[in-house]
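These notes are about the structure you will find just below.
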Amino acid sequence: MGKRTIQMVVLGFLALAFTATAAFAGTIKIGLMCPLTGSWASEGQDMEKIVKLLAENINDKGGLLGEEVEIVVEDDGGNPRTAALAAQRLSTRDIVAVIGTYGSSVTEATQNIYDEFDIIQLANGSTAIRLTQKGLDKFFRTCPRDDEQGKVAVKTIDNMGFDRVAILHDNTTYAKGLADEAKKLLSKQGTANVVFFDALTPGERDYSAILTKMKAAKPDAVFFTGYYPEAGMLLRQKKQMNWNVPFIGGDATNNPDLVKIAGKDAAEDFYFLSPPVPQDLQTKQAEDFLADYREQYGSAPDSVWAVLSGDCFLAVTTAIKETGSTDPDVLAEYLHSDLKDMPGLTGKISFDDKGDRVGDLYRLYRVNSQGEFVLQSD
Amino acid sequence: MELFFQQLTNGLAVGGIYALIALGYTMVYGVLKLINFAHGDLFTIGAYLGLTLLTAMGLTDKLGLGVGILALAVMVMGLVAVVGVVLERVAYKPLRNADRLAAVVSALGASIFFQNAVMLIYGAKFRVYPHNILPKMAVNILGLEIPLIRIIILAASIVLMIALYLFVQKTKTGTAIRASAIDQGAAKLMGVNVNRVISIVFIIGPALGGVAGVMVGMYYGQINFTMGWMYGLKAFIAAILGGIGNIPGAMIGGLLLGVIEAMGAAYISIAWKDAIAFFVLILILIVRPTGLLGERVAEKV
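Protein chains in written order, with the working numbering: chain A, 8 to 385; chain B, 200 to 500.
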């Protein structure tokens, strides 16, 4: 190619680039760190779809402060190592804030990185208590916290009249935290005896040894605080052993893949705690959004954690709009003190001074014989 | 006492799977002195191919349960064997005369390639084998409820292992394999086609790994692209435990590892189950590095 031709091509590209961005003055970049691969790929992929849909909606209406909202996505792989790398990459991409992520141990690995770069982080699925006990003033979460979940778990165990409870976790930040919380409350209130307390290894397939050992302790119920892949396998193998003790799950067991893995037979009569699942959300915002989502992607979103990432997005874009600024300190101040009862997809959103979401969200769900999640009223 | 036997059966069933995969490691090491790190991923590929064949072709509907599963196993073994041979030709053969380290790095690279290939082709989410293929009966032996499938899996594993052992000990090709494992140069001088032997090893090993994948998929239901990692690691430990390069060693190592894990979970702590298994490995390497049944290594005289 001659020199002249190259110059023409370069000029051509530049011209195209200018016309393409002519609509918006610039872009506001918001990061999304989610598990697109790994054990929780279902969650991550839903998160990406929801946040991108919401961003599209804003851009169609003229953008944010006249600028286009761009979502910069990085995969955290559902594990702390990959997430730390993802956080490093995102922090150098000029993002105003980052939404993410799902697993508490994964979020924890990235908190300090974002804090060092002064980037606001809004987590959507990390409920471990200690994440907001570190004095990080730019960390927020739209999901509830495990002390609330522990209380609801113990209340459920009490209501259902169980005396001997086995608690099983998987040694991750979230699961162990919730298990410890439940054990503490159970011994303090004397509601039931904890006859078994141990952890399994996530990613393993064969839980027969564990189930056999638990069965020997003769519990009335088992409280499993780990994630949905393992919960599905546990339920399936428990059924194969013909062991019929009721299992109660923590909020990380809330995902339709649970029923896919366990099979409808084994998943029937499994109870779990969770913020309301997408079909049970009652705000107008939620209904409009779900209709929108269905139109774009063909079916409703599977997981409430992904919907909570939508709420993270709404919170940060509201903050940007109301303060007219993308300065992290200004936004953090707004989110702590001035964002009151913002109508979000999962209800009213406000953050307290530690960054936790205000309000009680946990409900009890039961899986019916069709594999559907049915909300139980108190 | 009942608990002991229950856990023993749990351990044996898991151990059977470890043993099948360990055989692949041990055979390749015996002949090539190479740890085929991509072997765990061949196991994963077997599981996924089994799923595709099962759902796409509806084998069990057309042929009935027993014959259908047998046909599935044979087809998966064949396909994974092909992948194994291709792997050998592409990743290992060009490096046969190079530094050992180069071959190991190549193996790791192949492993990463396979994992990501599976992820890109099948998606990052879990896939689940169709439920209700296998009968759900439990057999009552000595007062223990053991799911029939576990017994079938263990039996199938043992049958395959015995078949392999007889093949290696009694047939001419088997003798050729053993000769190549002892000394490749001398075997060539005796007229053994070493290239063919290597190809055969890479047919049998991956085939066994693939069928183990199908068994795991059918029994546990859930498969994902990283499942090969943990199984591969445990099988590798099992192979070393029994003596790397030694076929009966791999079988015994696999079963033993399964039982040790189950017993460790039952009597010590579930959370420490894997730590106990790895601790056993360290112990064996310190006390008896050649493994329980000894390593097949040429003696330099």
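A virtual CB, placed ideally from N, CA and C, is assigned to each residue, including glycine. Given the structure is predicted, the values throughout are model-derived calculations rather than measurements.
Where residue i meets chain A, residues with beta-carbon distance less than 8 angstroms
i: B:P346; result: Q247 and M248
i: B:Q501; result: Residue 501 of chain B lies beyond the residue range present for chain B, which begins at 200 and ends at 500; the question has no answer from this structure.
i: B:K324; result: A48, S49, Q52 and D264
i: B:L202; result: T219, K220 and A223
Within-8 angstroms CB hit, residue i to chain A
i: B:G215; result: no
i: B:R487; result: no
i: B:G420; result: yes
i: B:F242; result: no
i: B:H238; result: no
i: B:A411; result: no
i: B:A476; result: no
i: B:K387; result: no
i: B:A337; result: yes
i: B:D298; result: no
Cβ-based neighbour list, residue i, same chain, cut-off 7 angstroms, excluding 5 preceding and 5 following
i: A:T198; result: V161, I164 and D165
i: A:I136; result: R152, D153, D154 and G184
i: A:A29; result: At A:A29 the pLDDT is 45, less than 50, meaning the model places this residue with poor confidence and gives no usable figure here.
i: B:Y364; result: I446 and P447
i: B:A309; result: A237, L286 and A290
i: A:T333; result: I35, V103 and I327
i: B:I345; result: T208, A337 and V338
Closer than 8 angstroms to chain B by CB, residue i
i: A:E75; result: no
i: A:D205; result: yes
i: A:A313; result: no
i: A:M40; result: no
i: A:I268; result: yes
i: A:N178; result: yes
i: A:G239; result: yes
i: A:R243; result: yes
Partner residues on chain B for residue i, Cβ-Cβ distance less than 8 angstroms
i: A:G257; result: Near A:G257 there are no residues of chain B at all, since even the closest Cβ is about 17 angstroms away, more than 8 angstroms.
i: A:A293; result: What A:A293 touches in chain B: nothing, since even the nearest Cβ is about 25 angstroms away.
Other residues of its chain near residue i: CB distance less than 8 angstroms, five sequence neighbours each side excluded
i: B:G493; result: G442, N445 and G448
i: A:K328; result: L71 and L72
i: A:V323; result: I37, V103, A104, I106, I127, L129, L338 and L342
i: B:I455; result: First, the residue type needs correcting, since residue 455 of chain B is Leu and not Ile in the sequence shown. Within the same chain, B:L455 has close Cβ partners G214, A437, L440, G441 and L491.
i: B:L294; result: A301, A302 and S305
Amino acids of chain A, ordered along the chain, whose beta-carbon sits closer than 7 angstroms to that of residue i
i: B:N209; result: S215, A216 and T219
i: B:S310; result: Under the 7 angstroms cutoff, chain A gives no residues; its nearest Cβ is about 16 angstroms from B:S310.
i: B:S468; result: D205
i: B:V415; result: R212
i: B:A461; result: A216
i: B:I464; result: According to the sequence displayed, residue 464 of chain B carries Ala and not Ile. Those within 7 angstroms of B:A464 in chain A are A216, I217 and K220.
Residue i: contacting residues in chain B (beta-carbon distance under 7 angstroms)
i: A:N261; result: Within 7 angstroms Cβ-Cβ: nothing; A:N261 doesn't reach chain B, min ~16 angstroms.
i: A:T44; result: M318 and A323
Contacts around residue i, its chain only, beta-carbon distance under 6 angstroms, and the 5 residues preceding and following it disregarded
i: B:A306; result: N235, F236 and A237
i: A:G51; result: C41, P42 and L43
i: A:R100; result: V79
Closer than 9 angstroms at the beta carbon, the chain B residues around residue i
i: A:P236; result: F325, Q421 and N423
i: A:G132; result: By Cβ distance, chain B contributes nothing, its closest Cβ being about 17 angstroms from A:G132, past 9 angstroms.
Listed by chain order, chain A residues near residue i by CB distance under 9 angstroms
i: B:M429; result: T208, G210, E211 and R212
i: B:A246; result: Near B:A246 there are no residues of chain A at all, since even the closest Cβ is about 11 angstroms away, more than 9 angstroms.
i: B:K472; result: L207, T208, E211, A216 and I217
The stretch 427-437 of chain B / the stretch 232-244 of chain B touching (three or more Cβ pairs under 8 angstroms): yes
How do the stretch 153-162 of chain A and the stretch 212-225 of chain A stand: do at least 3 beta-carbon pairs fall below 8 angstroms, yes or no? no
Which complete alpha helix (DSSP H) runs does the stretch 119-178 of chain A hold, if anything under 4 residues is left out? 153-166
Could you say if the stretch 35-48 of chain A and the stretch 74-94 of chain A meet the contact criterion of at least three C-beta pairs nearer than 8 angstroms? yes
Evaluate contact between the stretch 359-371 of chain A and the stretch 137-150 of chain A, counting only Cβ atoms and requiring at least three cross-stretch pairs below 8 angstroms. At 8 angstroms Cβ cutoff, the stretches touch.
Is the stretch 348-358 of chain A close to the stretch 95-106 of chain A, with three or more CB pairs under 8 angstroms? no
Any alpha helix (DSSP H) of 4 or more consecutive residues that is wholly inside the stretch 202-263 of chain A: 215-223 and 235-247
Does the count of Cβ pairs from the stretch 60-69 of chain A and the stretch 269-287 of chain A closer than 8 angstroms reach three? no
Would you check if the stretch 186-206 of chain A and the stretch 391-399 of chain B touch, i.e. whether three or more CB-CB distances between them fall below 8 angstroms? No, because fewer than three Cβ pairs between the stretch 391-399 of chain B and the stretch 186-206 of chain A fall closer than 8 angstroms, the two stretches do not touch.
Decide if the stretch 404-418 of chain B is in contact with the stretch 277-286 of chain B; the criterion is three or more beta carbon pairs, one per stretch, under 8 angstroms apart. yes
For the stretch 307-366 of chain A, list the alpha helix (DSSP H) runs that are entirely contained and at least 4 residues long, ordered along the chain. Every alpha helix (DSSP H) stretch that sits fully inside the stretch 307-366 of chain A and reaches 4 residues is listed by chain position as 311-330 and 335-340.
Using 8 angstroms as the Cβ pair cut-off and three pairs as the minimum, do the stretch 285-297 of chain A and the stretch 235-250 of chain A touch? no
Counting beta carbon pairs with one atom in the stretch 114-121 of chain A and one in the stretch 45-58 of chain A, are three or more of them shorter than 8 angstroms? no
Is the stretch 256-272 of chain B in contact with the stretch 457-471 of chain B, if contact means three or more CB pairs nearer than 8 angstroms? no
Every unbroken alpha helix (DSSP H) inside the stretch 233-311 of chain B [4 residues or more]: 238-256, 258-262 and 264-286
What runs of the alpha helix (DSSP H), each 4 residues or longer, lie entirely inside the stretch 421-480 of chain B? 426-441 and 446-466
Are there three or more Cβ pairs, one per stretch, closer than 8 angstroms when the stretch 307-317 of chain A is compared with the stretch 373-381 of chain A? no
Stretch-stretch touch, CB-based, cutoff 8 angstroms, three pairs: the stretch 311-324 of chain B with the stretch 374-383 of chain B: no
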